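A.B. asks: For the record, the sequence lines run as chains A and B.
If you read the first sequence in the working numbering, its first letter stands for residue 1, the second for the next number, and so on.
If you read the second sequence in the working numbering, its first letter stands for residue 1, the second for the next number, and so on.
My questions will all concern the structure given below.
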Amino acid sequence: MPLTLHLTVNGEAHRVDLTDPRPTLLDVLRERIGLTGTKKGCDRGQCGACTVLLDGQRVNSCLVLAASADGAEVTTIEGLSADGALHPVQAAFIENDAFQCGFCTPGQVMSAVGLLAEGETGGDPERIREGMSGNLCRCAAYPGITAAVMDAFARMEAAEGERADDRARTEDRARQGEPA
Amino acid sequence: MNLFDYVRPATLGEALGAAAHPGAAVLAGGTNLVDLMKAGVARPERIVDISRLPGLSEIETLEDGAIRIGALVGNAALARHPAVKAAAPAVAEAVLAGASAQLRNKASVGGNLLQATRCAYFGDPASACNRRVPGSGCDAKGGDRRGHAVLGWSDACSATNPSDLLVPLAALGAVVEIAGQDGTREVPVAEFHTLPGADGDAGGPQLRHGEIVTAVRLPADAARFAAASRYVKVRERTSFAFALVSAAAALDIEDGTIRAARLALGGVAARPWRAAEAEAALTGKAPDAAAFQAAAEAAMAQARPSAEDNAFKIALALRVAVRALTLAAKGTPERMPALPASVFAPTLSAPSPSAPSFQGTAR
Ligand SMILES: Cc1cc2nc3c(=O)[nH]c(=O)nc-3n(C[C@H](O)[C@H](O)[C@H](O)COP(=O)(O)OP(=O)(O)OC[C@H]3O[C@@H](n4cnc5c(N)ncnc54)[C@H](O)[C@@H]3O)c2cc1C
Ligand code: SF4
Ligand code: FES
Ligand code: FES
Numbered sequence: 001m002p003l004t005l006h007l008t009v010n011g012e013a014h015r016v017d018l019t020d021p022r023p024t025l026l027d028v029l030r031e032r033i034g035l036t037g038t039k040k041g042c043d044r045g046q047c048g049a050c051t052v053l054l055d056g057q058r059v060n061s062c063l064v065l066a067a068s069a070d071g072a073e074v075t076t077i078e079g080l081s082a083d084g085a086l087h088p089v090q091a092a093f094i095e096n097d098a099f100q101c102g103f104c105t106p107g108q109v110m111s112a113v114g115l116l117a118e119g120e121t122g123g124d125p126e127r128i129r130e131g132m133s134g135n136l137c138r139c140a141a142y143p144g145i146t147a148a149v150m151d152a153f154a155r156m157e158a159a160e161g162e163r164a165d166d167r168a169r170t171e172d173r174a175r176q177g178e179p180a
Numbered sequence: 001m002n003l004f005d006y007v008r009p010a011t012l013g014e015a016l017g018a019a020a021h022p023g024a025a026v027l028a029g030g031t032n033l034v035d036l037m038k039a040g041v042a043r044p045e046r047i048v049d050i051s052r053l054p055g056l057s058e059i060e061t062l063e064d065g066a067i068r069i070g071a072l073v074g075n076a077a078l079a080r081h082p083a084v085k086a087a088a089p090a091v092a093e094a095v096l097a098g099a100s101a102q103l104r105n106k107a108s109v110g111g112n113l114l115q116a117t118r119c120a121y122f123g124d125p126a127s128a129c130n131r132r133v134p135g136s137g138c139d140a141k142g143g144d145r146r147g148h149a150v151l152g153w154s155d156a157c158s159a160t161n162p163s164d165l166l167v168p169l170a171a172l173g174a175v176v177e178i179a180g181q182d183g184t185r186e187v188p189v190a191e192f193h194t195l196p197g198a199d200g201d202a203g204g205p206q207l208r209h210g211e212i213v214t215a216v217r218l219p220a221d222a223a224r225f226a227a228a229s230r231y232v233k234v235r236e237r238t239s240f241a242f243a244l245v246s247a248a249a250a251l252d253i254e255d256g257t258i259r260a261a262r263l264a265l266g267g268v269a270a271r272p273w274r275a276a277e278a279e280a281a282l283t284g285k286a287p288d289a290a291a292f293q294a295a296a297e298a299a300m301a302q303a304r305p306s307a308e309d310n311a312f313k314i315a316l317a318l319r320v321a322v323r324a325l326t327l328a329a330k331g332t333p334e335r336m337p338a339l340p341a342s343v344f345a346p347t348l349s350a351p352s353p354s355a356p357s358f359q360g361t362a363r
């Protein structure tokens with residue numbers, strides 16, 4: 001049964017013609033769209049290596065039937081950096097030595113991006129560890145991963161603070177009749 | 001994975017029609033069904049994708065105070081919902097103690113209710129299994145049954161129901177709303193999965209082929225326990241593991257006396273085990289250690305190991321029940337614990353961000 005999928009992956013529209021409804025989102029990303037940054041570890045929802053954002057939420061792409069994701073927006077590890085600048089989570093992973101072999105890393109980074117967007121852990125290491133427990137690391141880089149997520153949280157808070165200060169300054173100037 | 005047709009009906013009526021097809025299976029989040037299809041355990045001829053059906057993704061408070069949770073509500077969304085957290089905090093805690101954040105984002109309430117057992121022989125199409133193929137036998141016998149049932153099992157099947165969510169739902173008297181082509185019906189969560197019987201009858205969910213679960217309803221009465229409710233889950237690792245044994249406890253305490261109690265156990269039977277004897281034993285008592293011990297013993301009075309190496313689950317269940325009741329009596333925590341449902345306090349120290357690393361020393 002032929003099926004046509006429309007996916008927006010990292011901001012780019014893709015049309016994928018399937019001759020068979022069996023592939024998962026993970027397989028379509030890797031084999032059809034050519035984005036191999038998303039890894040296949042267990043293929044059974046148990047390791048987190050295949051984590052992507054599906055309509056903004058982190059999910060295991062190995063358990064998503066691609067057909068069911070028709071029309072969705074997907075963000076993969078390839079879509080995180082903007083204009084050549086690393087995403088704060090990517091930068092924090094490098095800074096904090098949060099990997100060894102690197103196989104789990106794309107999934108860890110995508111999961112951390114999802115976790116920070118959920119906004120429920122703050123910088124609490126215990127909540128971060130619990131929130132990241134869907135991502136296994138065979139090299140056991142866990143201390144570095146937790147440190148990296150704490151660090152990324154702090155960086156993003158600081159950046160948000162600066163943006164808020166900027167907004168406040170602009171509003172102040174506007175109130176005082178100065179050009180922004 | 002076998003080949004199948006994929007259909008995505010636009011309305012519940014169309015979906016019921018499509019699901020009536022003999023080889024059809026409905027797909028919600030897919031986190032269990034796709035997994036079972038990969039293993040060759042589920043071999044549907046037709047996938048009826050219900051994940052976008054309108055009207056099944058809402059949580060609403062009804063006029064009588066009951067909370068109606070649509071079958072397609074995500075597990076994560078359920079745990080975050082203000083009305084659920086306020087009226088049934090043990091439900092939120094149980095959900096957050098299950099699976100991983102990624103799975104909870106995709107998993108639905110209906111799929112959680114209908115998820116299959118994690119018995120390893122069920123998951124292996126090469127093994128005999130009465131639950132997978134009625135009457136075929138049970139290869140778990142004489143095999144690894146360490147995690148198997150200690151209540152309500154039979155010679156036909158000793159598997160447990162793996163859901164965390166169902167344990168507090170059963171304790172609080174939640175009801176499953178079911179739609180079929182002939183109309184709608186309701187079944188209590190605590191009875192939704194039938195127990196195994198004789199002659200190769202492994203039991204299973206009370207859902208006729210082609211029926212679709214539309215919602216789970218928490219009665220208004222659940223809210224009387226909101227101030228003293230906990231879920232406790234013991235597993236083989238701190239997080240991201242199924243329960244060995246779990247318990248949901250909910251108490252309504254006034255002037256030092258238990259006015260009403262709710263207790264259900266997970267990981268011990270083919271369904272969440274509502275312990276009515278324990279609830280009766282607690283009513284009118286002071287919430288103290290003696291009452292909790294007596295209640296736990298009442299809950300486990302009929303327990304017997306299904307294998308040589310799983311008697312430990314009886315001792316564990318007694319302790320988990322006592323712990324859940326003790327924690328519930330102390331009051332529902334204001335904020336969700338960092339490790340939901342865990343018996344461990346957060347103790348591990350924090351790694352310091354940007355601690356000296358290889359990059360740091362090389363520079
Ligand atoms: C690695 C891993 C770890 C896990 N750990 C836990 C855990 O610790 N605790 C826990 O409780 N769960 C755990 N789970 C299970 C998880 O909670 C379930 O997979 C999930 O809840 C299923 O929901 P779904 O929407 O993805 O279901 P699906 O996979 O879409 O469906 C599951 C079943 O339900 C049927 N179904 C779905 N919706 C309906 C409906 N509305 N009406 C009729 N039938 C329906 C499907 O036909 C199928 O048979 C784990 C899963 C994995 C993969
Ligand atoms: S215990 Fe139940 S689920 Fe496991 S193999 Fe036996 S019949 Fe199947
Ligand atoms: S590859 Fe998807 S969770 Fe392991
Ligand atoms: S860095 Fe090797 S698996 Fe995590």
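Ideal Cβ placement from N, Cα and C applies to all residues, glycine included.
Being a predicted model, the structure only gives us computed values, none of them experimental.
May I ask you to list, following chain order, the residues of the segment 49-72 of chain A that have a beta carbon less than 7 angstroms from some beta carbon of chain B?
C.D. replies: Within the segment 49-72 of chain A, the qualifying residues are Thr51, Gln57, Arg58, Val59, Asn60, Leu63, Val64, Leu65, Ala67 and Ser68.
A.B. asks: Could you spell out where the beta strand (DSSP E) holding B:Glu60 opens and where it closes?
C.D. replies: Translated into the one-based positions of the second sequence, residue 60 of chain B becomes position 60. B:Glu60 -> beta strand (DSSP E) spans Ile59 to Thr61.
A.B. asks: Could you pull out every unbroken beta strand (DSSP E) segment of at least 3 residues lying fully inside the segment 202-281 of chain B, listed in chain order?
C.D. replies: Those beta strand (DSSP E) runs which fall completely within the segment 202-281 of chain B and span 3+ residues are 212-218, 229-234, 245-254 and 257-266.
A.B. asks: Starting from B:Val7 and walking both ways along the beta strand (DSSP E), at which residues does that stretch end?
C.D. replies: Taking the second sequence and counting its residues from 1, one reaches residue 7 of chain B at position 7. Counting along the chain, the beta strand (DSSP E) containing B:Val7 begins and ends at Asp5 to Val7.
A.B. asks: Would A:Asp83 be called buried (16 or more neighbouring beta carbons within 10 Å of its own) or exposed?
C.D. replies: Residue mapping note: residue 83 of chain A aligns to position 83 of the first sequence, counting from 1. Exposed: under 16 other Cβ atoms inside 10 Å.
A.B. asks: Classify B:Val175 as buried or exposed, calling it buried when 16 or more other Cβ atoms lie within 10 Å of its own Cβ.
C.D. replies: Numbered from its first residue, the second sequence carries residue 175 of chain B at position 175. B:Val175 comes out buried.
A.B. asks: Return the first residue and the last residue of the beta strand (DSSP E) that A:Thr105 is part of.
C.D. replies: Position 105 of the first sequence, counted from the first residue, corresponds to residue 105 of chain A. Looking at the DSSP string, A:Thr105 is not in any beta strand (DSSP E); the run it does join, the alpha helix (DSSP H), is Thr105 to Glu118.
A.B. asks: Can you tell me whether B:Asn2 is buried or exposed? The criterion is at least 16 other CB atoms within 10 Å of its CB, across all chains shown.
C.D. replies: Taking the first residue of the second sequence as position 1, residue 2 of chain B is located at position 2. By the 10 Å Cβ count, B:Asn2 comes out exposed.
A.B. asks: Where does B:Gln302 fall in DSSP's three states?
C.D. replies: In the second sequence, counting from the first residue as 1, residue 302 of chain B sits at position 302. B:Gln302 falls in the coil class under three-state DSSP.
A.B. asks: What's the gap between the Cα of B:Glu334 and the Cα of B:Pro89?
C.D. replies: Your numbering for residue 334 of chain B matches position 334 in the second sequence. Your numbering for residue 89 of chain B matches position 89 in the second sequence. Taking the straight line joining both Cα atoms gives about 10 angstroms.
A.B. asks: Determine the DSSP secondary structure at B:Glu334, reduced to helix, strand or coil.
C.D. replies: Within the second sequence, residue 334 of chain B is the residue found at index 334, counting from 1. Coil.
A.B. asks: In this structure, how does DSSP classify B:Val73 when only helix, strand and coil are distinguished?
C.D. replies: In the second sequence, counting from the first residue as 1, residue 73 of chain B sits at position 73. DSSP places B:Val73 in coil when its eight states are reduced to three.
A.B. asks: Quick check: what's the CA-CA separation for B:Arg118 versus B:Glu191?
C.D. replies: Within the second sequence, the letter at position 118 stands for residue 118 of chain B. Within the second sequence, the letter at position 191 stands for residue 191 of chain B. Approximately 19 angstroms, taken between the alpha carbons.
A.B. asks: Around the C-beta of B:Glu186, are 16 or more other C-beta atoms found within 10 angstroms, so that it is buried, or is it exposed?
C.D. replies: Taking the first residue of the second sequence as 1, we reach residue 186 of chain B at position 186. Flag for B:Glu186 reads exposed.
A.B. asks: Answer with yes or no whether the minimum CB distance from B:Ile59 to chain A is below 9 angstroms.
C.D. replies: Numbered from 1 along the second sequence, position 59 holds the residue referred to as residue 59 of chain B. No, no contact with chain A.
A.B. asks: May I ask whether a heavy atom of ligand 4 can be found less than 8 angstroms away from the beta carbon of A:Thr105?
C.D. replies: What you label residue 105 of chain A is simply residue 105 of the first sequence in a count that begins at 1. Result yes, Cβ under 8 angstroms from ligand 4.
A.B. asks: Indicate whether at least one CB of chain A lies closer than 9 angstroms to the CB of B:Tyr121.
C.D. replies: Here residue 121 of chain B corresponds to residue number 121 of the second sequence, with the count starting at 1. For B:Tyr121, the answer is no, since every Cβ of chain A falls outside 9 angstroms of its Cβ.
A.B. asks: Suppose contacts are defined by Cβ-Cβ distances below 9 angstroms. Is A:Pro23 in contact with A:Arg15 by that definition?
C.D. replies: Mapped onto the first sequence, residue 23 of chain A falls at position 23. Mapped onto the first sequence, residue 15 of chain A falls at position 15. No, Cβ-Cβ distance for A:Pro23 and A:Arg15 is not below 9 angstroms.
A.B. asks: Determine the extent of the alpha helix (DSSP H) in which A:Asp166 is found, giving its start and end residues.
C.D. replies: Within the first sequence, the letter at position 166 stands for residue 166 of chain A. Unbroken alpha helix (DSSP H) run through A:Asp166: Tyr142 to Arg175.
A.B. asks: Could you please give the first and the last residue of the uninterrupted alpha helix (DSSP H) stretch that includes B:Val91?
C.D. replies: Position 91 of the second sequence, counted from the first residue, corresponds to residue 91 of chain B. Segment Pro89 to Leu96, the alpha helix (DSSP H) holding B:Val91.
A.B. asks: Using a Cβ-Cβ cut-off of 8 angstroms (strictly less than) and excluding sequence neighbours within five positions of B:Pro22, which residues of its own chain qualify?
C.D. replies: Here the question's residue 22 of chain B lines up with position 22 in the second sequence. The answer, listed in chain order, is Glu45 and His209.
A.B. asks: Tell me, please, whether the CB atom of A:His6 is closer than 9 angstroms to any CB atom in chain B?
C.D. replies: Taking the first residue of the first sequence as 1, we reach residue 6 of chain A at position 6. It does not; no Cβ of chain B falls within 9 angstroms.
A.B. asks: Near B:Phe242, what residues of its chain come up, given a Cβ to Cβ distance below 6 angstroms and the 5 sequence neighbours on each side ignored?
C.D. replies: For the purposes of this step, residue 242 of chain B is taken as residue 242 along the second sequence, with counting starting at 1. Around B:Phe242: Arg118 and Pro162.
A.B. asks: Helix, strand or coil for B:Ile50 per DSSP?
C.D. replies: Mapped onto the second sequence, residue 50 of chain B falls at position 50. If DSSP states are grouped into helix, strand and coil, B:Ile50 belongs with coil.
A.B. asks: Is there contact between the segment 90-110 of chain B and the segment 130-142 of chain B, where contact requires at least three CB pairs shorter than 8 angstroms?
C.D. replies: Flag = no, the segment 90-110 of chain B and the segment 130-142 of chain B do not touch.
A.B. asks: Quick check on B:Arg235: buried or exposed, where buried means 16 or more other Cβ atoms within 10 Å of its Cβ?
C.D. replies: Along the second sequence, one-based indexing puts residue 235 of chain B at 235. It counts as buried.
A.B. asks: Relative to chain A, which residues along the segment 183-203 of chain B have a C-beta separation below 9 angstroms, given in chain order?
C.D. replies: Listed in sequence order: no entries.
A.B. asks: From B:Ser246 to B:Val167, what does the alpha carbon distance come to, in whole angstroms?
C.D. replies: Looking up residue 246 of chain B in the second sequence gives position 246. Looking up residue 167 of chain B in the second sequence gives position 167. Their backbone Cα atoms lie some 8 angstroms apart in a straight line.
A.B. asks: With a threshold of 8 angstroms, establish whether the CB of A:Gln100 neighbours any heavy atom of ligand 5.
C.D. replies: With respect to ligand 5, the structure offers nothing, as its ligand set consists of ligand 1, ligand 2, ligand 3 and ligand 4.
A.B. asks: Go to A:Arg138, then tell me how far its beta strand (DSSP E) extends in each direction, as first and last residue.
C.D. replies: Mapped onto the first sequence, residue 138 of chain A falls at position 138. That residue, A:Arg138, is in no beta strand (DSSP E); it is neither H nor E in DSSP.
A.B. asks: What's the gap between the Cα of B:His81 and the Cα of B:Ala315?
C.D. replies: Residue 81 of chain B sits at position 81 when you count from the first residue of the second sequence. Residue 315 of chain B sits at position 315 when you count from the first residue of the second sequence. Going from the Cα of B:His81 to the Cα of B:Ala315 covers about 35 angstroms.
A.B. asks: Which residues in chain A sit within 8 angstroms of B:Leu53, going by Cβ to Cβ distance?
C.D. replies: The sequence position of residue 53 of chain B within the second sequence is 53, counting from 1. Result: empty, since nearest Cβ-Cβ is about 12 angstroms, beyond 8 angstroms.
A.B. asks: Within the 9 angstroms Cβ cut-off, does A:Glu160 reach chain B?
C.D. replies: Start at 1 with the first residue of the first sequence, and residue 160 of chain A comes out as number 160. False, the Cβ-Cβ gap to chain B never drops below 9 angstroms.
A.B. asks: Any residues in the segment 102-130 of chain B with a beta carbon nearer than 7 angstroms to a beta carbon of chain A? Which ones, in chain order?
C.D. replies: Listed in sequence order: Gln102, Leu103, Asn105 and Lys106.
A.B. asks: For B:Pro196, is the classification buried or exposed, using 16 other Cβ atoms within 10 angstroms of its Cβ as the cut-off for buried?
C.D. replies: Along the second sequence, read from residue 1 onward, the residue named residue 196 of chain B stands at position 196. B:Pro196 comes out buried.
A.B. asks: Between which two residues does the alpha helix (DSSP H) carrying A:Arg127 extend?
C.D. replies: The count along the first sequence starts at 1 and reaches residue 127 of chain A at position 127. From DSSP, the alpha helix (DSSP H) with A:Arg127 extends over Pro125 to Gly131.
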